[in-house]
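Colleague: Below is a structure I'd like to ask you about.
Residue numbers (the UniProt record's numbering): 1 to 309.
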């Protein structure tokens, strides 16, 4: 099977489109099989989504990722389809994009509707959310290697949305990397990499996007999307996540720290900085990751600050 998505540069008012050419034998998504939607057939999934949402997906806009597929529709909306294993779906459910629609003061695509189902032979569920189109292209990949051109207005919009999010209430718990964040997870992640003696207890939990990186925001008009994992998290999680995804461009990482200064200067923000550093410096660290040295230096500085009280 050969699937080709036509490459077109996104512009304001258009959908996300990227080049994706996959050549492989047609595979089915079945139980017990390592799932990668970039190479496995999703024809039946797309057909089901079209029938359920009563819409036609545009084939030349299809974007395939490891566990999600997205496409523009004939009614100028965007449909994102995700497959998630049952053990990655917490008790709170799996409706992040839907529940984020009620949040106020945040620049995000409008949510229109969804369909959720489970095939009897899979230990996983499927979910398709239909939203408005993005107002621009994603800023870049999750981890940037070059500085993007962002205006002061863009940074103001980012700050306004993050501040508005943190000021709201939710019973949801964030699931960064599809793992529910808890005090135990924070402590385990930090202690697994840093042996210094300091208290890892989180004092303040606030609503967070929980997957804040450069692939989930648009420019030149700011918008924040992919809300699957949002929920309550330690103060500073979002700021630290964005900083970590910027470290290969030191000037950009510095800008993130300046813009979210109050987060980083808080005790919880320092813990979240170490939490982010633990993912870079931990057992799965890549020796050629350009972020290693800067993450190591920042971790040493933050630990000294935490020990000083």
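For glycine and all other residues, C-beta sits at the position ideal for the given N, C-alpha and C.
Is the Cβ-Cβ distance between residue 128 and residue 84 less than 9 Å?
Modeller: Within the chain shown, the letter at position 128 stands for residue 128. Within the chain shown, the letter at position 84 stands for residue 84. No; because the gap between Cβ atoms is not below 9 Å, this pair is not in contact.
Colleague: Thinking residue 281 and residue 297 are a contact (beta carbons under 8 Å), I'd like their distance in whole angstroms, please.
Modeller: Residue numbering aside, residue 281 sits at position 281 when the chain shown is read from its first letter. Residue numbering aside, residue 297 sits at position 297 when the chain shown is read from its first letter. Between residue 297 and residue 281 the Cβ distance is about 11 Å, and since that is not below 8 Å, they are no contact.
Colleague: On the criterion of 16 or more Cβ atoms from any shown chain inside 10 Å, does residue 209 qualify as buried, or is it exposed?
Modeller: Your numbering for residue 209 matches position 209 in the chain shown. Looking at its Cβ environment, which holds 16 or more other Cβ atoms inside 10 Å, residue 209 is buried.
Colleague: Could you check where the alpha helix (DSSP H) with residue 85 kicks off and where it finishes?
Modeller: Along the chain shown, one-based indexing puts residue 85 at 85. Where residue 85 is concerned, there is no enclosing alpha helix (DSSP H), although the beta strand (DSSP E) it sits in stretches over 77-85.
Colleague: Need the endpoints of the alpha helix (DSSP H) that residue 99 sits in, please.
Modeller: On the chain shown, residue 99 is found 99 positions in, with the first residue counted as 1. Taken as a continuous stretch (DSSP letters only), the alpha helix (DSSP H) holding residue 99 covers 96-100.
Colleague: Can you tell me where the alpha helix (DSSP H) with residue 296 in it begins and where it stops?
Modeller: Residue numbering aside, residue 296 sits at position 296 when the chain shown is read from its first letter. 292-308 is the span of the alpha helix (DSSP H), which, as asked, contains residue 296.
Colleague: Among the residues of its own chain, which have a CB less than 8 Å from the CB of residue 151, if the five just before and after it don't count?
Modeller: Locating residue 151 in the chain shown gives position 151, where the first residue counts as 1. Around residue 151: 220.
Colleague: Assuming residue 81 and residue 70 make a contact with CB atoms under 8 Å, what is their CB distance in whole Å?
Modeller: Within the chain shown, the letter at position 81 stands for residue 81. Within the chain shown, the letter at position 70 stands for residue 70. 7 Å between Cβ atoms; contact.
Colleague: According to DSSP, is residue 266 helix, strand or coil?
Modeller: Residue 266 sits at position 266 when you count from the first residue of the chain shown. Residue 266: coil per DSSP, three-state reduction.
Colleague: Taking the straight line between their C-alpha atoms, what separation do you get for residue 217 and residue 97?
Modeller: Residue mapping note: residue 217 aligns to position 217 of the chain shown, counting from 1. Residue mapping note: residue 97 aligns to position 97 of the chain shown, counting from 1. Approximately 15 Å, taken between the alpha carbons.
Colleague: Pull up the distance between the alpha-carbon of residue 28 and that of residue 130, whole angstroms please.
Modeller: Here residue 28 refers to the residue found at position 28 when the chain shown is read from its first residue. Here residue 130 refers to the residue found at position 130 when the chain shown is read from its first residue. Residue placement at residue 28 cannot be trusted, given a pLDDT of 41 that sits under 50; what the coordinates show is reported in the next sentence. Looking at the two C-alpha atoms, the distance is approximately 24 Å.
Colleague: Taking 9 Å as the CB-CB cut-off, is residue 53 touching chain D?
Modeller: The structure shown contains no chain D; it is built from a single protein chain.
Colleague: By the three-class DSSP mapping on this structure, what secondary structure does residue 45 have?
Modeller: As a first step, residue 45 is located in the chain shown; it is residue number 45 there, counting from the start. Residue 45: helix per DSSP, three-state reduction.
Colleague: Beta-carbon within less than 7 Å of residue 203's beta-carbon, same chain only, minus the 5 sequence neighbours each way: which residues are those?
Modeller: Taking the chain shown and counting its residues from 1, one reaches residue 203 at position 203. If we look at residue 203 and ignore the five residues flanking it on each side, its Cβ neighbours are 267, 268.
Colleague: For residue 243, which beta-bridge partners are listed by DSSP?
Modeller: Counting from 1 along the chain shown, the entry for residue 243 is found at position 243. Answer is none; residue 243 lacks a bridge partner.
Colleague: Which one of 91, 114, 90 has the shortest CA to CA distance from residue 101?
Modeller: What you label residue 101 is simply residue 101 of the chain shown in a count that begins at 1. Comparing Cα positions, the closest option is 114.
Colleague: Identify the residues that DSSP records as bridge partners of residue 115: which are they?
Modeller: Reading the chain shown from its first residue, position 115 is the one you call residue 115. 128, per the DSSP bridge assignment.
Colleague: Are the CB atoms of residue 252 and residue 147 nearer to each other than 9 Å?
Modeller: Position 252 of the chain shown holds residue 252. Position 147 of the chain shown holds residue 147. Taking 9 Å as the Cβ cut-off, residue 252 and residue 147 qualify as a contacting pair.
Colleague: Going by other Cβ atoms of all chains shown within 10 Å of its Cβ, with 16 needed for buried, is residue 26 buried or exposed?
Modeller: Start at 1 with the first residue of the chain shown, and residue 26 comes out as number 26. With a pLDDT of only 33 at residue 26, under the threshold of 50, the placement of this residue in the model should not be trusted; the figure read from the coordinates follows. It is exposed - the Cβ of residue 26 has fewer than 16 other Cβ atoms within 10 Å.
Colleague: Terminal residues of the continuous beta strand (DSSP E) containing residue 72?
Modeller: Within the chain shown, numbered from 1, the residue matching residue 72 stands at position 72. Element bounds for residue 72: 68-72.
Colleague: Would DSSP call residue 186 helix, strand or coil?
Modeller: On the chain shown, residue 186 is found 186 positions in, with the first residue counted as 1. It is helical.
Colleague: Excluding five sequence neighbours on each side, which residues of the same chain lie with their C-beta closer than 8 Å to the C-beta of residue 140?
Modeller: Here the question's residue 140 lines up with position 140 in the chain shown. Excluding sequence neighbours, residue 140 sits near 146, 148, 214, 215.
Colleague: Note down the Cα distance separating residue 78 from residue 275, rounded to an integer number of angstroms.
Modeller: In the chain shown, counting from the first residue as 1, residue 78 sits at position 78. In the chain shown, counting from the first residue as 1, residue 275 sits at position 275. If you take the alpha carbons of residue 78 and residue 275, they lie about 33 Å apart.
Colleague: Please classify residue 312: does DSSP put it in a helix, a strand, or coil?
Modeller: Nothing can be reported for residue 312: it is not among the residues displayed for the chain, which extend from 1 to 309.
Colleague: From which residue to which residue does the alpha helix (DSSP H) around residue 253 run?
Modeller: Mapped onto the chain shown, residue 253 falls at position 253. 250-259 is the extent of the alpha helix (DSSP H) around residue 253.
Colleague: So the candidates are 58, 261, 307; which of them puts its Cα closest to the Cα of residue 235?
Modeller: Taking the chain shown and counting its residues from 1, one reaches residue 235 at position 235. Nearest of 58, 261, 307 to residue 235, Cα basis: 261.
Colleague: Between the C-alpha atoms of residue 292 and residue 196, what's the straight-line distance to the nearest angstrom?
Modeller: Residue numbering aside, residue 292 sits at position 292 when the chain shown is read from its first letter. Residue numbering aside, residue 196 sits at position 196 when the chain shown is read from its first letter. Going from the Cα of residue 292 to the Cα of residue 196 covers about 19 Å.
Colleague: Grouping DSSP H, G and I as helix and E and B as strand, with all else coil, what is residue 120?
Modeller: The residue you call residue 120 lines up with position 120 of the chain shown. Coil.
Colleague: Indicate the three-state DSSP secondary structure (helix, strand or coil) for residue 276 in the structure shown.
Modeller: For the purposes of this step, residue 276 is identified with residue 276 of the chain shown, where counting begins at 1. In this structure, residue 276 counts as helix in the three-state DSSP scheme.
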